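Residue numbers (our numbering), protein chains in the order written: chain A, 780 to 880; chain B, 24 to 259. For each residue, glycine too, the CB sits at the ideal point set by N, CA and C. Keep in mind that this is a model prediction, so the values were computed, not measured. A short write-up of the structure that comes next.
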Amino acid sequence: MMARKDAYDIVLESLQEVFVQIGTTPPASVGEDTVLVGNDAVLDSLGVVQLIVEVEQRVEQAHSISVTLANDKAMSQKNSPFRTVGVLTDHVVTTAQEAAS
Amino acid sequence: MSVAERPVMVITGSRKGIGRYLAEHYVAKGYLVEGCSRGEVDLGTPDYRHHQVDVADEKGVRTMVADITKRHGRIDVVLNNAAIASMNHVLLTPAKSANRMLEVNVTGTMLVCRDTAKVMMRRRYGRIVNFTTIVAPIALAGEAVYAASKSAVVTFTRILAFELGQWGITCNSFGATPIMTDMIKGVPQDKIDAVVNNLAIKRLGTPQDCANVCDFFISPSSDNITGQVIYLGGVT
Numbered sequence: 780m781m782a783r784k785d786a787y788d789i790v791l792e793s794l795q796e797v798f799v800q801i802g803t804t805p806p807a808s809v810g811e812d813t814v815l816v817g818n819d820a821v822l823d824s825l826g827v828v829q830l831i832v833e834v835e836q837r838v839e840q841a842h843s844i845s846v847t848l849a850n851d852k853a854m855s856q857k858n859s860p861f862r863t864v865g866v867l868t869d870h871v872v873t874t875a876q877e878a879a880s
Numbered sequence: 024m025s026v027a028e029r030p031v032m033v034i035t036g037s038r039k040g041i042g043r044y045l046a047e048h049y050v051a052k053g054y055l056v057e058g059c060s061r062g063e064v065d066l067g068t069p070d071y072r073h074h075q076v077d078v079a080d081e082k083g084v085r086t087m088v089a090d091i092t093k094r095h096g097r098i099d100v101v102l103n104n105a106a107i108a109s110m111n112h113v114l115l116t117p118a119k120s121a122n123r124m125l126e127v128n129v130t131g132t133m134l135v136c137r138d139t140a141k142v143m144m145r146r147r148y149g150r151i152v153n154f155t156t157i158v159a160p161i162a163l164a165g166e167a168v169y170a171a172s173k174s175a176v177v178t179f180t181r182i183l184a185f186e187l188g189q190w191g192i193t194c195n196s197f198g199a200t201p202i203m204t205d206m207i208k209g210v211p212q213d214k215i216d217a218v219v220n221n222l223a224i225k226r227l228g229t230p231q232d233c234a235n236v237c238d239f240f241i242s243p244s245s246d247n248i249t250g251q252v253i254y255l256g257g258v259t
C-alpha cells in the first residue's frame, strides 16, 4: 500500500519536472491547495497531461505499481481527480491501492 | 552497439503472418523486438521477447509496457499490426463479431499507442505505425465492419499525430494490399483476384512491401513525416 506522504512527494517531484520540461517558472510555493485544472491553474491542459504521465511513471518506478490515472472526469473543474495537488495525491493513493489489489 | 543503445520496438500481432515477418526483419536489423499476441511465440533469439497479451485488454497492455520499460527504459518504435477480420455481409454480421473487431482493431490500437507514447514522450522521440487496409478506401463489399474499424484507425492516427507531435513522436498509417496470410485464407480466390485486378500494380502484396513502408516511416530521418497514410498498389 502506498503511503499518502509518498504519493504527495511523487506529485510534487513530478510537478517540478513538468515545470522544467515546459520551461515555466514555478509559483513561489506549491502545496496541497495548488490548483492544477481550471481557473488559476499553474499548468495548461497539456501540462496536466505531462504531469499525469510523469506521476504514473514515477509510481511505477518507485513502487512497481502500474496505474492509469486518467478517467472521464479528468478535465472537469468541479470533479477532476487532478484539480489540486492534494486531490491528485488522494487519487494516486486510491488508484495505486486498486491496482495493487 | 551496446544493448542500452539498441532501439526497442514493439510489434503487436507478431505470432504469425506480417507481424512475425516484421519481428524477424527488425531483429535482423539490430532492434530489440518485443512482440505480443494472444498465443505463444518463440523466435529462438534473445533479441525477441514475447508477451502473451490481447491488445484489447487494458491491464494486459499496461503490464506489458511496464515490463518493457523496466527492462529497457525506452520504447522507440511501435508497429500496431494486430487485427482481426471477419468477411461477412453486413446483414449477416452478429453484434458480437462487430464489437470484437472494434475492440481489437480500434481500442487495442489506441491502448498500445497510449501506453507506449507515455514512455516515448520522456525521451522526446518515437515512431508509431498503425496498420490499416486498402479495403476501406476501395469500399470492398463484405468487409464493412472490418473496413470501418480500419478507417477509424486512420482517423485516430491522424489526430494522434497532432497530439503527440510536440514530443517528437510521429504517427502514420499503412494499408497493405491482400497478402497471403491466415487473415485472408478464407476469402474466395475470385474475390482476391477482383481486388488485385483493380490495383495499379496488379499483384498481391508481400511482407517485404510492408517492411519497406515501415522502414521509411520509422527512419530517424522521417521526423517530419506524420499523420500520413500510405497504401500499397496505387490505392489512394
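- Of the residues assessed, Asp99 (chain B) falls on the buried side of the cut-off, its CB having 16 or more other CB atoms within 10 angstroms.
- Between Leu848 (chain A) and Leu794 (chain A) a beta carbon distance of about 14 Å is seen, past the 8 Å cut, so the two are scored as non-contacting.
- Neighbours of Met144 (chain B) across chain A, judged by C-beta separation under 8 Å: Gln829, Val832.
- Residue pairing of Glu57 (chain B) in beta bridges, as defined by DSSP: B:Val33, B:Arg72.
- Under the three-state reduction of DSSP, Ile207 (chain B) is assigned to helix.
- Going by DSSP, Thr193 (chain B) is part of no alpha helix (DSSP H) but of the beta strand (DSSP E) stretching over 192 to 199.
- Between the alpha carbons of Gln75 (chain B) and Ser808 (chain A) lies a gap of roughly 47 Å.
- Taking 9 Å as the CB threshold, Glu877 (chain A) stays off the interface with chain B.
- Following the DSSP letters along the chain, one finds Asn858 (chain A) in no beta strand (DSSP E), marked with neither H nor E.
- Taking the Cα positions, Glu792 (chain A) is about 31 Å away from Thr132 (chain B).
- Rounded to the nearest whole angstrom, the CA to CA distance from Tyr71 (chain B) to Ser174 (chain B) is 31 Å.
- Residues Glu811 of the same chain have their beta carbon placed closer than 6 Å to that of Gly865 (chain A), with the five preceding and five following residues left out of the count.
- For Leu102 (chain B), there is no enclosing alpha helix (DSSP H); the residue is found in the beta strand (DSSP E) stretching over 100 to 103.
- A distance below 8 Å between beta-carbons, with the five flanking residues on each side excluded, links Val50 (chain B) to the following residues of its chain, in chain order: Val56, Leu66, Thr68, Asp70, Tyr71.
- Within its own chain, no residue has a Cβ closer than 7 Å to the Cβ of Ile182 (chain B) once the five positions on either side in sequence are excluded.
- Within 7 Å of the CB of Arg85 (chain B), the CB atoms of chain A belong to Ser845, Thr847, in sequence order along the chain.
- Within the segment 103 to 161 of chain B, the complete beta strand (DSSP E) segments at least 3 residues long are 149 to 156, listed from N- to C-terminus.
- Cβ-Cβ distances below 8 Å link Ser120 (chain B) to Ser109, Asn111, Val168 in the same chain, with the five nearest sequence neighbours on each side left out; the list follows chain order.
- A direct Cα-Cα distance of roughly 16 Å separates Phe239 (chain B) from Ile34 (chain B).
- Interface residue (Cβ-Cβ distance to chain A less than 9 Å): Lys119 (chain B) is not classified as such.
- Looking at the DSSP output, Ile253 (chain B) shares a beta bridge with B:Phe197.
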